[in-house]
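According to this note's numbering, the sequence shown holds residues 31 to 270 in order. Ideal Cβ placement from N, Cα and C applies to all residues, glycine included. From a predicted model like this one, the values you see are computed outputs, not experimental measurements.
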Amino acid sequence: MANILCVEDSNEFLIYLTSVLSGHSITQASDIKQALNLASTGRGPFDLIILDISLPDGNGLKIIPQLREMSADYPIPIIVLSNDNDVVTKVAAFGIGADDFVSKPPEPNELRARVEARLRRILESTNKSNHLRYGDLVIDSNTMRVELSSRKSGSTEVPLTLSEFKILKTLVGRPGQVYSRDQLIDHIWGVDKHVTPRTVDAHVSNLRKKIEDSSVSIETVTGTGYRAKIKDTPSNSHSS
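Next up, the structure:
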């Protein structure tokens, strides 16, 4: 499941979009101001943005550079929607950073395919990275090693199986993103392998035990799947 921000003022279209993209979480922003507020506060975090051009408070294209700046660490694909299908509008959209352009009203299967293709590229890009650091864990794909880095005791290796390594790398590659069990199965074992959701749960359980001394937590999202987050500590939590 992906978290998708839909910048669109039409409630009717949002209902349509929610149906077409069933299985994903859709958050609506009805205007530019709300879109920037949601993006800046990190409600999500969002994995993809669907941006209409015609909004009550202006042209949606003008906020693409700001959205890009907000997601500099984890680039978010932006799909532009428009009733205007002329070449000039398309060139302008791509010129300022849009990843795709879809004419309204979009054909359901085409829109779904475009969204899934963009989300798949995020996952592929994430897992091509050879060196990741999240919290106090360092993940090296070249050596298939995970190390726990500590100022007091230095670095110590965390012994993981291949499947545990792949699960960890996938989750920390997109912190906060929720991955369903089916998504993890398809990516880690492959669509042609017979692996059950309980197998995923067992691997995650073992992984949690092995990284319990780190600052990284594998959180269960009830009824959905798993995501990586940094554990709350007295130094980073806030009291009211």
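Worksheet item: What residue ranges within the region 64–138 form continuous alpha helix (DSSP H) runs of no fewer than 4 residues, ordered along the chain?
Response: 94–100 and 117–125
Item to complete: Helix, strand or coil for Val225, going by three-state DSSP, please let me know.
Response: coil
Worksheet item: Where does Leu78 land, buried or exposed, given buried means 16+ other C-beta within 10 angstroms?
Response: buried
Discussion item. On a Cα-Cα basis, can you pick out the residue from Ile45, Lys199, Ser179 and Val225 that is closest to Asn172?
Written reply: Lys199
Worksheet item: Short check: CB of Ser60 to CB of Leu85, under 9 Å?
Response: yes
Practice prompt. In the DSSP assignment, find the alpha helix (DSSP H) that holds Thr57 and state where it starts and stops.
Written response: Not the alpha helix (DSSP H): Thr57 falls in the beta strand (DSSP E), residues Ser55 to Ala59.
Discussion item. If contacts are defined as beta-carbon pairs under 8 Å, then Gln207 and Arg257 qualify, I think. What distance do you get, rounded to the angstrom?
Written reply: 6 Å
Discussion item. I'd like the list of long-range same chain contacts for Arg73, defined as Cβ closer than 8 Å, with 5 residues on each side in sequence excluded.
Written reply: Here Arg73 scores only 43 on pLDDT, less than 50, and its place in the model should not be relied on; the value that follows carries that caveat. Contacts found: Thr57.
Worksheet entry | Top-ranked residue by Cα proximity to Ala128, from Glu140, Lys134 and Arg148 | Arg148
Item to complete: Could you pull the start and end residues of the beta strand (DSSP E) that Gly203 belongs to?
Response: Run containing Gly203: none in the beta strand (DSSP E); it sits in the alpha helix (DSSP H), Leu192 to Gly203.
Worksheet item: By Cβ distance below 6 Å, which residues in the same chain neighbour Ser49 in space, the five residues on each side in sequence not counted?
Response: none
Worksheet item: How many Å lie between Leu51 and Gly184 at the Cα?
Response: 46 Å
Fill in: Contact under 9 Å by Cβ, Leu97 with Ile106
yes
Discussion item. With the cut-off set at 9 Å, would you say Ile218 and Lys240 are in Cβ contact?
Written reply: no
Discussion item. For the alpha helix (DSSP H) containing Ser49, name the first residue and the last one.
Written reply: Asn41 to Val50
Worksheet item: What's the gap between the Cα of Ser70 and the Cα of Met100?
Response: 6 Å
Worksheet item: What separation, rounded to the nearest whole angstrom, lies between the Cα atoms of Ile152 and Val145?
Response: 11 Å
Discussion item. What does the alpha-carbon distance come out to for the pair Phe43 and Ser244?
Written reply: 44 Å
Worksheet item: Would you report the Cα separation of Pro189 and Glu249, rounded to the nearest angstrom?
Response: 20 Å
Worksheet item: DSSP three-state call for Ser171: helix, strand or coil?
Response: coil
Worksheet item: Taking Cβ to Cβ, would you say Ser236 is nearer than 9 Å to Thr191?
Response: First, the amino acid is wrong: residue 236 is Asn here, not Ser. Yes, Cβ-Cβ distance for Asn236 and Thr191 is below 9 Å.
Worksheet item: Taking the alpha carbon of Val234 as the point to measure from, which residue in Ile34, Gly255 and Ser40 has its own alpha carbon closest?
Response: Gly255
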